[in-house]
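Here the structure comes first, spelled out in structure tokens, and everything after it is commentary.
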Amino acid sequence: MGGSIMQELRFQVEFLSDIVLLATSNTEGNIENLDFIPGSNFLGMVAKEYQKFLDSFAVFHSGAVRFGDATLLHNAHATYKMPLSFFHEKLDDSKIFNHHLITDFKQFTQLKQKRNGFITESLEEVSIKHNYTQKSAYDKKHRRSKDSSMYGYNAMPKGLIWQFIVKYDKSIDSADVQRIIDNLVGKKRLGKSKSSEYGQVEISEVNNSVSRVKTSNSKEQTLLYVKSRLALVDNEGSATYDLRYLVDGLNEESIVWHNSQLRTSSYTPYNRSMQTKSYERMVINSGSVIVLKNIDNDLIEKIKKGVGVYLSEGFGEILVNPSFLQNEVFSFKKEDKEKKEKKPLTITHDSVKFLQARQDSKEKQLDMAKRVEEFIHKHKSLYKNIKNSQWGTIRSI
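Here the sequence shown is numbered in our numbering, starting from 5 and rising by one per residue.
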């Protein structure tokens, strides 16, 4: 690609139903859910028309086209996975501290790392509430639920809006670019159990760009925020977590390990076309923070263009010195909660009217009993000397 600036296509994804995205292709055990949409999903949607592209190799195998991960939009603002450098005092999250900027750790009793959720550039904390559904496998032979086969899904709710970017080199033919757009736009199926109640999304191309996080230059140290997962390989092509292989020319002395915050994982992707699992991948998770020192601008520019392997699937995207890593201490802005308007129900069915009448009658009886009890308690002194025979006379009236 010759180091040229890549062109961008922007898309939005709207969940038309609940979506289940699992972090692994395993089907048993406690399986973690993803909180983003991997770029491989969009690559797969386009690859269904593999034979129709003018230059399939350039689109899918050369690295000239990159299908980015989709990240959540909150009130039309981009969100970022919670940076792992964010810490707070245990049992007190009113103040957040950037770990790499702390100079005196003795001031803290015990620090706890923030790991879940998202943030906006303005430091508003955002979270996704999942919908849990209990399921049971079906026994086709006996036509009932299968014994000892209960399982559950944690699904992201419908209505969420996401954005992803497809980057492509100028060398890609315009007809192939249009074919990419045509294969992405429209109603699609996504995630687990997409042949049943889950998985319906609608993808649309958008021209308006969501503002990107501000960055700054730092002379003392360079802060790298891992926006999408990183998959690094050593000189022999083996998977590694060693940050020396982040980019060619980076040495051990430039990595500030004690200030870096990493989370790693491994998974084995499933290739539906080949109907088999691929090689296991070792990745550095998004939200990780890497601190470097004494590196030149050439290395920084290389890092900005993407690092590691699987770039065509959205891996390797890094933000350099983003604004949310610059403050030592700050507080989160509270997430605006939507107020749901209560709409009056119109009752038309006779059985519902009957139940409503019974409910109203019970409420009236309870209200009357409460008022009588309050009256007795308030005027008890006036009637305490009245004899039982007198009360009997009153009741007979």
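Here a beta-carbon is modelled for each residue, glycine too, at the ideal position from N, C-alpha and C.
ask   = Roughly how many angstroms separate the alpha carbons of Phe91 and Asn102, rounded to a whole number?
value = 6 Å
query = Does the stretch 171–184 touch the stretch 60–74, meaning 3 or more C-beta pairs lie closer than 8 Å?
reply = yes
key: Reduced DSSP category for Val205 - H, G, I as helix; E, B as strand; rest coil   = strand
ask   = In this structure, does DSSP put Val376 in helix, strand or coil?
value = helix
Cα-Cα separation between Ser98 and Met278, rounded to whole angstroms = 50 Å
query = Any idea which residues DSSP pairs Gly156 with across the strands?
reply = Gln138
query = Does the beta-carbon distance from His104 to Val311 come in below 8 Å?
reply = no
ask   = Which residues bound the beta strand (DSSP E) around Lys116?
value = 115–117
query = On the three-state DSSP scale, how would you describe Leu58?
reply = coil
ask   = Can you tell me whether DSSP reads Gly6 as helix, strand or coil?
value = Reliability of the predicted coordinates at Gly6 is poor, the pLDDT of 48 falling under 50, and no value is obtained from them.
ask   = How should Lys118 be labelled, buried or exposed, when 16 other C-beta atoms within 10 angstroms of its C-beta is the threshold for buried?
value = buried
request  = Could you tell me which residues DSSP pairs with Gln16 in its beta bridges?
outcome  = Gln167, Ser208
request  = Assess, as a yes-or-no matter, whether the stretch 282–290 is touched by the stretch 203–220 under the definition of 3 or more beta carbon pairs within less than 8 Å.
outcome  = no
key: Minimum length 3: unbroken beta strand (DSSP E) runs contained in the stretch 227–291   = 268–271, 285–288
query = Would the beta-carbon of Val210 fall within 8 Å of that of Gly291?
reply = no
ask   = Which partner residues of Arg148 appear in the DSSP bridge assignment?
value = Asp143
query = Ordered along the chain, which non-local residues of its own chain (more than five positions away) have a Cβ less than 6 Å from that of Lys191?
reply = Glu206
query = Between the Cα of Val24 and the Cα atoms of Thr107, Pro161, Leu266, Gln55, which residue gives the shortest distance?
reply = Pro161
message = On a Cα-Cα basis, can you pick out the residue from Leu266, Ile100, Ala179 that is closest to Leu333?
response = In the sequence on display, residue 333 carries Val and not Leu. Per the Cα distances, Ile100.
inquiry  = Just to confirm before moving on: does the CB-CB distance between Lys337 and Leu127 stay below 8 Å?
reply    = yes
ask   = Are Gly318 and Ser44 close, meaning C-beta to C-beta below 8 Å?
value = yes
key: Outcome for His78 when other beta-carbon atoms lying within 10 angstroms are tallied against a minimum of 16   = buried
query = Taking Cβ to Cβ, would you say Asp246 is nearer than 8 Å to Asp252?
reply = no
query = Comparing alpha-carbon positions, which option in Tyr271, Arg233, Gly48 lies nearest Ile288?
reply = Arg233
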